[in-house]
Amino acid sequence: MKNRKVMKRVLVIAIVAAIAGGSIGTGVYVQRAKMTAEVMSVADLNSGYWGDDVNSSGMITNDYSQSVEITNTDEIKEVYVKEGQQVQKGDKLLALDTTVASLNLQGKQLEVENLNNQITIAQNDLKKLKNTKPYVEPANPVTPEPDIPHVQEMAGNAYNYISGTAVPYNQKSADGSEENPYRYLCTESAYVTGDFLSQLAEEKTYAVFEIRENNEVSGELVTAWEVDGAQIVVPDGNTKWSVYDHSQISNDASEAEDDSSVVNDRISDKGGYTQAELNDMIAEQEKKIKELDLNKRKAELEVEKLKAKSSDGMIYATVTGIVKNLQDKDNLPNDGTPFMEVTGSEGLYVTGGISELLLDKVKPGQMVSVSSWENGSSCEAEITEIKNYPSTDVSSYGEGNNNVSYYPFVAYIEDTAGFRNGEYVDLTMTVSDDETGSSLYIFKGYVRTENGKSYVLKADENDRLVKQYVKTGRIIYGDTIEIKAGLSEDDRIAFPYGKTAKEGVRAVDSDGSY
Numbered sequence: 003m004k005n006r007k008v009m010k011r012v013l014v015i016a017i018v019a020a021i022a023g024g025s026i027g028t029g030v031y032v033q034r035a036k037m038t039a040e041v042m043s044v045a046d047l048n049s050g051y052w053g054d055d056v057n058s059s060g061m062i063t064n065d066y067s068q069s070v071e072i073t074n075t076d077e078i079k080e081v082y083v084k085e086g087q088q089v090q091k092g093d094k095l096l097a098l099d100t101t102v103a104s105l106n107l108q109g110k111q112l113e114v115e116n117l118n119n120q121i122t123i124a125q126n127d128l129k130k131l132k133n134t135k136p137y138v139e140p141a142n143p144v145t146p147e148p149d150i151p152h153v154q155e156m157a158g159n160a161y162n163y164i165s166g167t168a169v170p171y172n173q174k175s176a177d178g179s180e181e182n183p184y185r186y187l188c189t190e191s192a193y194v195t196g197d198f199l200s201q202l203a204e205e206k207t208y209a210v211f212e213i214r215e216n217n218e219v220s221g222e223l224v225t226a227w228e229v230d231g232a233q234i235v236v237p238d239g240n241t242k243w244s245v246y247d248h249s250q251i252s253n254d255a256s257e258a259e260d261d262s263s264v265v266n267d268r269i270s271d272k273g274g275y276t277q278a279e280l281n282d283m284i285a286e287q288e289k290k291i292k293e294l295d296l297n298k299r300k301a302e303l304e305v306e307k308l309k310a311k312s313s314d315g316m317i318y319a320t321v322t323g324i325v326k327n328l329q330d331k332d333n334l335p336n337d338g339t340p341f342m343e344v345t346g347s348e349g350l351y352v353t354g355g356i357s358e359l360l361l362d363k364v365k366p367g368q369m370v371s372v373s374s375w376e377n378g379s380s381c382e383a384e385i386t387e388i389k390n391y392p393s394t395d396v397s398s399y400g401e402g403n404n405n406v407s408y409y410p411f412v413a414y415i416e417d418t419a420g421f422r423n424g425e426y427v428d429l430t431m432t433v434s435d436d437e438t439g440s441s442l443y444i445f446k447g448y449v450r451t452e453n454g455k456s457y458v459l460k461a462d463e464n465d466r467l468v469k470q471y472v473k474t475g476r477i478i479y480g481d482t483i484e485i486k487a488g489l490s491e492d493d494r495i496a497f498p499y500g501k502t503a504k505e506g507v508r509a510v511d512s513d514g515s516y
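Right, here's the structure in full:
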């Protein structure tokens, strides 16, 4: 009986506690339900971004000449002008063999693709270095584990090596064509055997070897090696080919194949590296990435020029003037001498400078604003040429970088009123990334960070605040951040600070008074 009374008392206390707790929880819910947070349209907050102004200066001249340079890989089909001939801007000067030009274009495009692959590999190596823990001297000596010479075929769901027994993860849906290739999930150190590549060549099968984060099909793609069996040269069956960088793996474990393997060897060194050593390696890798990126930009500029050559094979006059120093097309100079020059006789020209970082953003035909130092006269000039080599004789300022090279460009001034030969002028043009058109730019105070991820507080379809994770980009003007993904102009967001900046709070449209 006594036990029953105790149980009743405990039950009553539990019920009272539950009611009290429920009241508190309900009170918090009711309180949050009554709270409101003002939201504003992203379309109203988006300040946009029109690009950076590039500033330069130069001296106006009336005797500019166009140099027509022919490389030793070009083949001239026909020359349309003679020595001393007067030509107008836009006249045909000569025609190149488009077959050769197209091959040169393909070669340069492959160079760009190769540089992109090298940049991807270098960036992944940099990521490894940054994620490597510095070496700390252990309190007790550590006995190294013996090397295990045998390599298991798989590590989880990913292959350590691809041989005849490998099965693509999309086996049921793929057919081995270029449109629907067989896909194999590989570890970062995986290799493909020569026998397997020979099998692809024999069957003319298209395969893709993928390295993904966490060795999972759902992981983010790190890099991929696409192999067209119809195009590859059949390798020796006993060879091994790295999925990561497509190079042949030497059987001599001590032989380093390339810079990438050097980085991997450094990271996997059992002795480890101190923080200072890691910092030096990171700086070295960042420098390498920068050099690769600059080489890629230069190659992309060459691609654009080769596209012009391979389209119709024509080279046109960019100035009005007289043809001089015309060479023999059957006996081309190999000392760097131009094939011909066109000395300008009409209009005015000015030479400015463009940073190598912007070579892929500026092209012939683009307009540049010209402003006179003497009388303030202004006009628009058309860029007719961008030189292939940098120069220290051009002036550029504003957003410049003292550590990069500057390339001369020539602009033609058609409306010469207010300008004279020999005077100095300022040159200004606006350049922007092609990708910026799809981005949003909002006050960075609207973006918060949680566990390394950026988010905003967005009103959902029920007018309640929810966290919306976004992908951010550059910060411009010091207070504006680029939103690359996760948000659209149709969304409404709240300022993510204060008592009402919580998920579940009711969203109300702002009157725009602040």
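Taking the working numbering, I'd label the letters of the sequence shown as residues 3 to 516. Ideal placement from N, C-alpha and C gives every residue a C-beta, glycine not left out.
What is the rounded straight-line gap between the Cα of residue i and the Cα of residue j?
{"i": "R450", "j": "K129", "result": "24 Å"}
{"i": "D46", "j": "F445", "result": "11 Å"}
{"i": "M369", "j": "S407", "result": "22 Å"}
{"i": "S104", "j": "K331", "result": "20 Å"}
{"i": "Y318", "j": "I477", "result": "42 Å"}
{"i": "E306", "j": "P392", "result": "18 Å"}
{"i": "V81", "j": "N240", "result": "53 Å"}
{"i": "T73", "j": "Q108", "result": "16 Å"}
{"i": "I324", "j": "N336", "result": "24 Å"}
{"i": "Y246", "j": "S374", "result": "55 Å"}
{"i": "Y479", "j": "G50", "result": "12 Å"}
{"i": "P498", "j": "E452", "result": "12 Å"}
{"i": "P410", "j": "T276", "result": "44 Å"}
{"i": "S191", "j": "N217", "result": "11 Å"}
{"i": "N116", "j": "I78", "result": "29 Å"}
{"i": "P136", "j": "A157", "result": "26 Å"}
{"i": "E180", "j": "A232", "result": "10 Å"}
Answer yes or no: do residue i and residue j have a C-beta to C-beta separation smaller than 9 Å?
{"i": "V210", "j": "E222", "result": "no"}
{"i": "Q173", "j": "N162", "result": "no"}
{"i": "V472", "j": "E302", "result": "no"}
{"i": "T506", "j": "D481", "result": "Looking at the sequence itself, residue 506 is Gly, so the reference to Thr does not match. No, these two residues do not count as a Cβ contact at 9 Å."}
{"i": "T225", "j": "I213", "result": "yes"}
{"i": "M37", "j": "K460", "result": "no"}
{"i": "V364", "j": "I62", "result": "no"}
{"i": "P340", "j": "E71", "result": "yes"}
{"i": "D99", "j": "G315", "result": "yes"}
{"i": "T386", "j": "V89", "result": "no"}
{"i": "A413", "j": "S379", "result": "no"}
{"i": "P237", "j": "G178", "result": "no"}
{"i": "I121", "j": "D395", "result": "no"}
Determine the closest residue to residue i out of the options, with distance taken between C-alpha atoms.
{"i": "L83", "options": "T75, D93, N464 and N74", "result": "First, the residue type needs correcting, since residue 83 is Val and not Leu in the sequence shown. If we check each option's Cα against that of V83, D93 comes out closest."}
{"i": "S200", "options": "P136, D230, A226 and E491", "result": "D230"}
{"i": "G166", "options": "N182, Y351 and L202", "result": "L202"}
{"i": "Y208", "options": "L442, N182 and V56", "result": "N182"}
{"i": "N297", "options": "S490, D65, G50 and Q111", "result": "Q111"}
{"i": "I495", "options": "G346, S191, D462 and S69", "result": "D462"}
{"i": "L328", "options": "G50, G60, Q287 and S69", "result": "S69"}
{"i": "K389", "options": "S379, L361, N377 and G378", "result": "L361"}
{"i": "L131", "options": "E205, A285, Q87 and V89", "result": "A285"}
{"i": "T430", "options": "V41, G50 and N57", "result": "N57"}
{"i": "V169", "options": "P237, N64 and V194", "result": "V194"}
{"i": "E85", "options": "K79, L95, I483 and I78", "result": "L95"}
{"i": "K455", "options": "I123, N119 and I485", "result": "I485"}
{"i": "E215", "options": "V236, K91 and T189", "result": "T189"}
Using three-state DSSP, classify residue i as helix, strand or coil.
{"i": "E212", "result": "strand"}
{"i": "E416", "result": "coil"}
{"i": "M283", "result": "helix"}
{"i": "Y161", "result": "strand"}
{"i": "R268", "result": "Unreliable placement is indicated for R268, whose pLDDT of 44 sits below 50; the coordinate value is still reported in the next sentence. Three-state DSSP puts R268 in a helix."}
{"i": "E40", "result": "strand"}
{"i": "Q88", "result": "strand"}
{"i": "F445", "result": "strand"}
{"i": "D511", "result": "strand"}
{"i": "A226", "result": "strand"}
{"i": "N57", "result": "strand"}
{"i": "G354", "result": "strand"}
Counting only the same chain and skipping the five closest in sequence on each side, list residues whose C-beta sits under 7 Å from that of residue i.
{"i": "T75", "result": "V102 and N106"}
{"i": "L489", "result": "V44, L442, V458, Q470 and V472"}
{"i": "Q125", "result": "I291"}
Hey, does residue i have any beta-carbon neighbour from chain E nearer than 9 Å?
{"i": "Y66", "result": "Any reference to chain E falls outside this structure, which holds one protein chain only."}
For residue i, I'd like the list of residues in its chain whose CB is within less than 8 Å of its CB, leaving aside the five on either flank, ordered along the chain.
{"i": "Y171", "result": "N159, R185, Y186, L187 and V219"}
{"i": "I415", "result": "I62, G349, L350, Y351, V352, V372, C381, A383 and F421"}
{"i": "D465", "result": "R508, A509 and V510"}
{"i": "E491", "result": "S43, V44, A45, N48 and L442"}
Short of 6 Å in beta carbon distance, which residues of its chain neighbour residue i, apart from the five on each side in sequence? Order them along the chain.
{"i": "T502", "result": "M37 and A39"}
{"i": "H248", "result": "W227"}
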